[in-house]
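*Asks:* For reference, each letter of the sequence shown is one residue, going 25 to 632 in this note's numbering. Using N, Cα and C, we set each Cβ at its ideal position, and we do this for glycine too. One structure, as structure tokens, below. Some questions next.
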Amino acid sequence: MSLSYQVFHRKQGEEYPDAPAETTDKSYSLTDLDPDATYTWYVKVVQSNGQTLTKDSKEWTFKTGAGGATGKPIKRYNSSGALQKDYDKLSDAVNEADNGDRIEVVGGMELKEEPEITINGTEVTIHSSNPNNPFIIDMSGGRSAPGSKRGENRVFHITNGASVTIRDAIIKGGVATDDLSILYGGGISITERSTVTTINATIIDNTAGIGGGVSVEDGCTFNALDTTIASNTSTKGTGGGVYVIGGTFNANNVIIRKNQAKGGAQGVDSRDVRQMKLVGGDVVAVLDGAFNTVGRSIRESGERAGTSGIGGGVAVVWDSIFNATETTIMENTAKAEGEKGSANGGGVVVWRSTFNAYSGTAITGNRAESEEKAYGGGVVVDYGGTFNAYEGSMIEENIAEGVWANGGGVAVLKNGGTFNATGTMIASNTVDGSHTYGGGVFVSRNGSFIASNADIKLNRATGPFDWNGQGGGVAVRGGTFEAKDETSISSNSAGYGGGVSVEDDRVAEEAAVPGTFNAEDGTVISENNATQKGGGIWWVAADKISSEILGKITTNGKDWTPQADQQDNFSVDTNGSIRTPANTGHPVQVLNNTAGTAGSAQMNVIFP
Numbered sequence: 025m026s027l028s029y030q031v032f033h034r035k036q037g038e039e040y041p042d043a044p045a046e047t048t049d050k051s052y053s054l055t056d057l058d059p060d061a062t063y064t065w066y067v068k069v070v071q072s073n074g075q076t077l078t079k080d081s082k083e084w085t086f087k088t089g090a091g092g093a094t095g096k097p098i099k100r101y102n103s104s105g106a107l108q109k110d111y112d113k114l115s116d117a118v119n120e121a122d123n124g125d126r127i128e129v130v131g132g133m134e135l136k137e138e139p140e141i142t143i144n145g146t147e148v149t150i151h152s153s154n155p156n157n158p159f160i161i162d163m164s165g166g167r168s169a170p171g172s173k174r175g176e177n178r179v180f181h182i183t184n185g186a187s188v189t190i191r192d193a194i195i196k197g198g199v200a201t202d203d204l205s206i207l208y209g210g211g212i213s214i215t216e217r218s219t220v221t222t223i224n225a226t227i228i229d230n231t232a233g234i235g236g237g238v239s240v241e242d243g244c245t246f247n248a249l250d251t252t253i254a255s256n257t258s259t260k261g262t263g264g265g266v267y268v269i270g271g272t273f274n275a276n277n278v279i280i281r282k283n284q285a286k287g288g289a290q291g292v293d294s295r296d297v298r299q300m301k302l303v304g305g306d307v308v309a310v311l312d313g314a315f316n317t318v319g320r321s322i323r324e325s326g327e328r329a330g331t332s333g334i335g336g337g338v339a340v341v342w343d344s345i346f347n348a349t350e351t352t353i354m355e356n357t358a359k360a361e362g363e364k365g366s367a368n369g370g371g372v373v374v375w376r377s378t379f380n381a382y383s384g385t386a387i388t389g390n391r392a393e394s395e396e397k398a399y400g401g402g403v404v405v406d407y408g409g410t411f412n413a414y415e416g417s418m419i420e421e422n423i424a425e426g427v428w429a430n431g432g433g434v435a436v437l438k439n440g441g442t443f444n445a446t447g448t449m450i451a452s453n454t455v456d457g458s459h460t461y462g463g464g465v466f467v468s469r470n471g472s473f474i475a476s477n478a479d480i481k482l483n484r485a486t487g488p489f490d491w492n493g494q495g496g497g498v499a500v501r502g503g504t505f506e507a508k509d510e511t512s513i514s515s516n517s518a519g520y521g522g523g524v525s526v527e528d529d530r531v532a533e534e535a536a537v538p539g540t541f542n543a544e545d546g547t548v549i550s551e552n553n554a555t556q557k558g559g560g561i562w563w564v565a566a567d568k569i570s571s572e573i574l575g576k577i578t579t580n581g582k583d584w585t586p587q588a589d590q591q592d593n594f595s596v597d598t599n600g601s602i603r604t605p606a607n608t609g610h611p612v613q614v615l616n617n618t619a620g621t622a623g624s625a626q627m628n629v630i631f632p
């Protein structure tokens with residue numbers, strides 16, 4: 025039986041031809057090649073009966089005019105494009121690289137490296153020979169000697185002012201959890217004012233104590249273009265996907281998904297985070313992940329039973345800026361474990377920083393989960409933070425779940441913060457638990473929420489019994505909520521206050537802090553439902569013995585009068601007077617709400 029040989033070859037960036045060259049000789053010359061190009065080739069052996077005798081041979085790569093093929097998968101070129109040397113290991117190529125060098129890895133090649141690859145102060149580009157076939161660098165499994173700690177090394181450490189571009193690559197299997205020196209950045213650790221740019225890259229299945237995928241330290245920059253950061257893990261509860269501490273993150277057309285920040289017993293002592301930016305190209309998606317930047321000092325005692333989950337998708341803290349355009353933050357989870365745990369911001373946490381959600385930004389499908397306290401399934405704003413949601417942004421289908429659950433969509437908490445919603449939709453969010461407040465929005469003492477032409481609808485405050493839940497659309501407990509410019513609060517549901525609940529935030533041995541709801545300029549509260557009382561509004565007005573004010577509802581700063589239950593549709597004039605029947609010329613309309621208790625369909629007022 026005779027043999028023939030099929031020779032497949034292709035130029036970098038092109039596909040193999042359907043009809044290969046064939047020969048019966050054991051040698052074959054490739055002709056008509058581009059004089060300055062990279063080629064890949066392999067051979068298939070075929071029997072005369074048409075069956076393949078052996079498996080396809082290994083792919084080989086060579087560059088014309090540069091010495092031919094060596095079989096080594098890695099080539100280093102200088103800044104002028106001249107081939108310098110061939111390598112088997114990427115770390116060897118990196119160690120010998122000069123500034124401006126380019127390191128090319130055969131497309132599709134899977135590299136096994138040990139230990140981590142360190143790039144110290146060098147400007148270098150690492151890329152695949154074929155943009156459509158990324159190379160893989162995998163620190164887990166494979167060619168390791170007995171006793172090797174394969175899989176216990178991070179992939180890249182970029183340090184000492186290095187500037188590194190990584191194109192067309194898959195970075196996976198890195199681990200950085202052993203001690204403080206290698207605690208950060210399982211996939212890439214960027215330190216000492218270095219810069220890393222990833223293009224058409226995937227950072228996946230890496231683990232670190234902090235920053236499972238990438239860690240960006242003080243003065244460093246991480247630029248991600250057309251990059252996916254997925255299925256990475258932080259074992260100490262901070263930055264499953266990316267951790268930025270004092271650095272800058274610029275993302276364009278990036279997907280961050282299915283990362284985890286697992287609450288750990290040990291805390292994190294961190295520094296200032298200066299600026300973090302996420303700017304959408306076609307779209308930027310942060311999916312089912314954990315992207316955290318934590319500054320100053322946030323600690324969990326090693327002896328403490330409860331742990332905190334902070335910013336399942338994004339945490340923007342301590343004088344940072346996050347700009348999101350055409351951005352989706354989706355299906356992230358902040359989860360706290362233990363009876364003393366507190367989950368904050370399934371999608372986003374903003375502390376003493378600013379988050380700007382521009383047109384096309386969506387925060388959706390996120391969860392804050394705790395056995396005890398859960399705040400802000402979508403967003404938490406606290407410690408003087410500001411969240412600006414602009415026209416065309418939306419917060420929807422988020423959940424806060426715990427015994428005490430507050431703010432299915434948004435929670436503005438007691439240490440002070442401001443949420444400005446302009447042309448924003450807050451819809452189909454849920455709080456679920458024994459004590460639940462604010463299916464759409466929860467505002468606590470010292471917090472402020474300003475809704476301008478906002479649409480707050482289809483939110484729920486619910487629990488195991490039909491009387492659970494206050495403020496299906498909005499719950500104000502000691503904070504301030506202002507509705508203006510034709511803001512609509514509609515089709516929400518709760519046990520009490522299907523649309524809105526207003527009451528005080530009382531702390532033991534302290535004076536009550538009254539909640540304030542100010543409605544004006546075309547505000548409509550309609551078609552909400554309460555299983556108990558206050559289909560449209562549930563208002564805890566004042567202590568019946570001391571007359572201490574517990575909740576205020578105003579229009580143009582003037583108190584609503586009379587403070588009494590309202591069964592029928594009503595409007596409120598510019599002086600705060602409640603009018604029935606409703607007058608469409610008045611600045612506030614409360615219409616077509618329903619309640620389980622007779623006499624309070626539109627509003628229930630109580631004096632405890």
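Starting from the Cα of lysine 68, find the closest Cα among His33, Ile98, Lys99 and give me that residue.
*Replies:* Ranking the options by Cα distance to lysine 68, first place goes to His33.
*Asks:* Going by C-alpha distance, which of Ala475, Lys508, Ser515 is nearest histidine 610?
*Replies:* Ranking the options by Cα distance to histidine 610, first place goes to Lys508.
*Asks:* Helix, strand or coil for glycine 365? Go by DSSP, reduced to three states.
*Replies:* Coil.
*Asks:* Can you name the start and end residues of the beta strand (DSSP E) that aspartate 479 belongs to?
*Replies:* Run containing aspartate 479: 479–481, per the beta strand (DSSP E) assignment.
*Asks:* Should threonine 608 be labelled buried (16 or more other beta-carbon atoms within 10 Å of its own) or exposed?
*Replies:* Exposed, since its Cβ has fewer than 16 Cβ neighbours within 10 Å.
*Asks:* Reducing DSSP to helix, strand and coil, say where glutamate 137 ends up.
*Replies:* Here glutamate 137 sits in coil by DSSP.
*Asks:* Does the separation of the CB atoms of glutamate 425 and serine 452 fall below 7 Å?
*Replies:* Against a cut-off of 7 Å, the Cβ pair of serine 452 and glutamate 425 comes out as no contact.
*Asks:* Residues in the same chain with beta-carbon distance under 7 Å from glutamate 134, minus the five sequence neighbours each way, listed in chain order, please.
*Replies:* Excluding positions up to five away in sequence, the list reads Ile160, Asp162.
*Asks:* Name the two residues that bound the continuous alpha helix (DSSP H) containing asparagine 628.
*Replies:* Not the alpha helix (DSSP H): asparagine 628 falls in the beta strand (DSSP E), residues 627–630.
*Asks:* Determine, using beta carbons only, whether asparagine 5 and asparagine 492 come nearer to each other than 7 Å.
*Replies:* The chain is shown from 25 up to 632; residue 5 falls before or after that span and cannot be answered.
*Asks:* Looking only at its chain, what residues have a beta carbon closer than 6 Å to the beta carbon of threonine 385, apart from the 5 residues adjacent to it on each side?
*Replies:* Around threonine 385: Ala348, Thr351, Ser417.
*Asks:* How many Å lie between tyrosine 382 and asparagine 444 at the Cα?
*Replies:* Cα to Cα, the separation comes out at about 12 Å.
*Asks:* Among all the DSSP beta bridges, which residues are the ones paired with glutamate 572?
*Replies:* None, per the DSSP bridge assignment.
*Asks:* In or out: alanine 43 buried (at least 16 other Cβ within 10 Å) or exposed?
*Replies:* With fewer than 16 Cβ atoms within 10 Å of its Cβ, alanine 43 is classed as exposed.
*Asks:* Starting from methionine 418, follow its DSSP beta bridges and name the residues at the other end.
*Replies:* Paired residues: Ala386, Met449.
*Asks:* Looking only at its chain, what residues have a beta carbon closer than 7 Å to the beta carbon of arginine 217, apart from the 5 residues adjacent to it on each side?
*Replies:* Excluding sequence neighbours, arginine 217 sits near Gly185, Gly243, Cys244.
*Asks:* Near lysine 576, what residues of its chain come up, given a Cβ to Cβ distance below 6 Å and the 5 sequence neighbours on each side ignored?
*Replies:* Pro538, Thr540, listed in sequence order.
*Asks:* Going by the DSSP bridge assignment, what does asparagine 444 pair with across the sheet?
*Replies:* Bridge partners of asparagine 444: Asn412, Ile474.
*Asks:* In angstroms with no decimal places, state the Cα-to-Cα distance between threonine 222 and asparagine 274.
*Replies:* For threonine 222 and asparagine 274, the distance between alpha carbons rounds to 11 Å.
*Asks:* How is valine 118 classed by DSSP in three states: helix, strand or coil?
*Replies:* Here valine 118 sits in helix by DSSP.
*Asks:* With distances taken from CA atoms, which of Ala622, Val130, Gly447 is nearest glutamate 83?
*Replies:* If we check each option's Cα against that of glutamate 83, Val130 comes out closest.
*Asks:* Candidates Asp406, Ala61, Phe246, Leu482: which alpha carbon is nearest isoleucine 423's?
*Replies:* Of Asp406, Ala61, Phe246, Leu482, the residue nearest in Cα terms is Leu482.
*Asks:* If you drop the 5 nearest sequence neighbours on each side, which residues of the same chain put their C-beta closer than 8 Å to that of threonine 578?
*Replies:* These residues qualify, in order along the chain: Thr540, Phe541, Asn542, Ala543, Trp584, Gly600.
*Asks:* CB asparagine 617 to CB glycine 560, shorter than 7 Å?
*Replies:* It is a contact, given that the beta carbons lie within the stated cut-off.
*Asks:* If you check the beta carbons only, do lysine 260 and isoleucine 227 fall under 7 Å apart?
*Replies:* Not a contact, by the Cβ cut-off of 7 Å.
*Asks:* Quick one: grab the DSSP three-state call for isoleucine 127.
*Replies:* Residue state, collapsed to three classes: strand.
*Asks:* Count the other CB atoms within 10 Å of the CB of alanine 106; is the residue buried (16 or more) or exposed (fewer)?
*Replies:* Exposed, since its Cβ has fewer than 16 Cβ neighbours within 10 Å.
*Asks:* Would you list the one or two residues that DSSP bridges to glutamate 147?
*Replies:* Its beta-bridge partners are Ser187.
*Asks:* I believe threonine 62 touches serine 153 by the beta-carbon criterion, under 8 Å. Please report the beta-carbon distance rounded to the nearest angstrom.
*Replies:* Confirmed, about 5 Å.
*Asks:* Can you give me the start and stop residues for the beta strand (DSSP E) that serine 514 sits inside?
*Replies:* From DSSP, the beta strand (DSSP E) with serine 514 extends over 512–514.
*Asks:* Could you tell me the boundaries of the beta strand (DSSP E) in which glutamate 355 lies?
*Replies:* From DSSP, glutamate 355 is part of no beta strand (DSSP E); its letter is neither H nor E.
*Asks:* For threonine 48, I'd like the list of residues in its chain whose CB is within less than 6 Å of its CB, leaving aside the five on either flank, ordered along the chain.
*Replies:* Only Ser28 meet the Cβ criterion.
*Asks:* Starting from the C-beta of threonine 189, find all residues in its chain whose C-beta is less than 6 Å away, skip the five residues before and the five after it, and write them out in chain order.
*Replies:* So the qualifying residues of the chain are Thr149, Thr221.
*Asks:* Assuming contact is defined by CB atoms lying nearer than 7 Å, are alanine 429 and aspartate 456 in contact in what I supplied?
*Replies:* Taking 7 Å as the Cβ cut-off, alanine 429 and aspartate 456 qualify as a contacting pair.
*Asks:* Looking at C-alpha atoms only, which residue of Glu241, Lys282, Ile279, Ser255 is the closest neighbour of threonine 272?
*Replies:* Closest by alpha carbon: Glu241.
*Asks:* Contact defined as beta carbons within less than 8 Å: I believe alanine 360 pairs with glycine 400. What is the distance between those atoms, to the nearest angstrom?
*Replies:* Alanine 360 to glycine 400, Cβ: 13 Å. No contact.
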